[in-house]
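This report refers to the structure that appears directly beneath it.
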Amino acid sequence: MTTLLISHPACLAHDMGEGHPERPDRLRAIDRAFESETFQTLARDSAPRAEISAIARVHPLDYIEAIRAATPKQGLTAIDQDTSMSPGTFEAALRSAGGATFAVDEVMTRKVRSAFVATRPPGHHAELATPMGFCFFNNAAVAARHGRAIYGAERVAIVDFDVHHGNGTQHIFWDDPKVMYASTHEMPHYPGTGSVSERGEHDQIVNAPLRAGDAGDTFREAMEVAILPRVDDFAPDLIIISAGFDAHRRDPLGNLNLVEADFAWATRKLMEIAERRCAGRIVSVLEGGYHLDSLARSVAAHVTALMEG
């Protein structure tokens with residue numbers, strides 16, 4: 002079985018304005034990386050629109066409709082101080098969530114071993130009924146609930162190595178014993194959540210904060226000591242990666258010093274757990290990463306590792 006790349010050109014039509022770091026060029030840089038001969042065997046497919054019912058397993062219907070209604074006919078609509086909507090945003094958000102659920106479909110039905118969803122907007126800051134931090138719908142959360150509802154996945158583990166803590170994912174699953182959320186992230190840093198003491202109602206949330214300036218050795222230690230054993234013990238039926246690459250040393254929105262090899266290492270470690278616990282089933286969804294060259298190289302390293310499985 003192979004690895005599946007899921008994307009859609011509609012995700013290029015989401016625009017938050019000139020100079021915004023979460024820009025369409027992020028996907029263009031990733032697309033160019035996948036033109037390499039290394040990825041000739043990579044299966045590829047288009048992200049469908051998410052069913053509203055799939056998003057509603059996470060977000061209230063009135064919230065979904067409010068996001069749809071906020072879509073401007075032209076220009077930009079500010080949602081918060083750093084998040085805006087353009088005419089193409091809602092369609093892109095549907096494709097981003099839809100790509101995540103489609104990835105779960107393909108992995109859970111054994112059509113592919115793993116999948117990477119290269120879409121935007123990202124999702125891990127979106128709370129139950131609050132868009133923030135460039136995010137509207139929580140794609141990883143939608144994927145997790147889809148896996149449980151449609152395929153009977155008893156336990157789902159979400160592992161997040163974005164430089165920013167996924168406050169939305171933690172908020173959504175705070176009292177859900179069937180979904181583990183585990184995160185490495187810079188702290189203190191936006192959005193201000195993610196301390197070690199934040200453990201969820203069922204001790205199923207694991208935060209391993211890093212300090213500004215930390216590099217790959219500290220990241221790997223945090224993963225090996227705090228996160229990987231807990232994910233293994235949780236024995237998930239599906240692993241979802243919130244794959245943010247803004248912990249890279251060249252990223253303008255973070256202060257960590259990871260390099261491409263660190264993301265590849267983390268991917269392989271999660272694949273080892275997936276092999277033991279859930280027949281290798283991994284779905285990875287793109288979160289952050291704002292230095293275009295570093296983003297492209299890091300995604301390439303991540304997906305190369307997935308393909309090795």
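Here the working numbering is used: the first residue of the sequence shown is 2, the next is one more, and so on.
Don't be surprised by glycine CBs; every beta carbon is placed ideally from N, CA and C.
{"Check": "Helix, strand or coil: which one does DSSP assign to Y152?", "Outcome": "helix"}
{"Check": "For a minimum of 3 consecutive residues, which ranges assigned as the beta strand (DSSP E) are wholly contained in the stretch 143–196?", "Outcome": "157–161 and 180–187"}
{"Check": "Quickly, what does DSSP pair T78 with across the bridge? List them, please.", "Outcome": "M86"}
{"Check": "Going by the beta-carbon positions, is the gap between A275 and I228 smaller than 7 Å?", "Outcome": "no"}
{"Check": "Any idea what DSSP makes of S198, helix, strand or coil?", "Outcome": "coil"}
{"Check": "Ignore the nearest five residues each way along the sequence and tell me which others in F103's own chain have a CB closer than 7 Å to its CB.", "Outcome": "I7, A48 and P49"}
{"Check": "Under 7 Å between the Cβ atoms of I56 and P132?", "Outcome": "no"}
{"Check": "Just to confirm before moving on: does the CB-CB distance between F135 and G124 stay below 7 Å?", "Outcome": "no"}
{"Check": "What are the start and end residues of the beta strand (DSSP E) that includes I241?", "Outcome": "L239 to A244"}
{"Check": "Buried or exposed, going by whether 16 or more other CB atoms sit within 10 Å of the CB of V180?", "Outcome": "buried"}
{"Check": "Tell me whether H303 sits in a helix, a strand or coil according to DSSP, three-state version.", "Outcome": "helix"}
{"Check": "If you follow the beta strand (DSSP E) that T4 is part of, which residue opens it and which one closes it?", "Outcome": "T4 to S8"}
{"Check": "State buried or exposed for T120, treating a residue as buried only when at least 16 other CB atoms are found within 10 Å of its CB.", "Outcome": "buried"}
{"Check": "Could you check the C-alpha separation between H203 and F35 for me, to the nearest Å?", "Outcome": "40 Å"}
{"Check": "Spell out the partners DSSP gives S285 in its beta bridges.", "Outcome": "F117 and I242"}
{"Check": "Is M308 helix, strand or coil by DSSP?", "Outcome": "helix"}
{"Check": "Would DSSP call S37 helix, strand or coil?", "Outcome": "coil"}
{"Check": "Is the Cβ of G195 closer than 7 Å to any Cβ of chain D?", "Outcome": "Judged by its chain identifiers, the structure shown contains no chain D, having just a single protein chain."}
{"Check": "With DSSP collapsed to three states, give me the class of P122.", "Outcome": "coil"}
{"Check": "Please check the pair G89 and D16, which I expect to be a contact at CB under 8 Å, by giving their CB distance rounded to whole angstroms.", "Outcome": "7 Å"}
{"Check": "Alpha carbons only, please: which of R29, E19, T4 and Q205 is nearest the one belonging to G290?", "Outcome": "R29"}
{"Check": "Counting only the same chain and skipping the five closest in sequence on each side, list residues whose C-beta sits under 7 Å from that of T72.", "Outcome": "M86, P88, T90 and F91"}
{"Check": "Looking only at its own chain, which residues have a Cβ that is under 6 Å from the Cβ of G169, when we skip the five neighbours before and after it?", "Outcome": "H125, H126, A127, E128 and N139"}
{"Check": "Which same chain residues, not among the five before or five after L13, have their C-beta less than 7 Å away from its C-beta?", "Outcome": "P25 and L28"}
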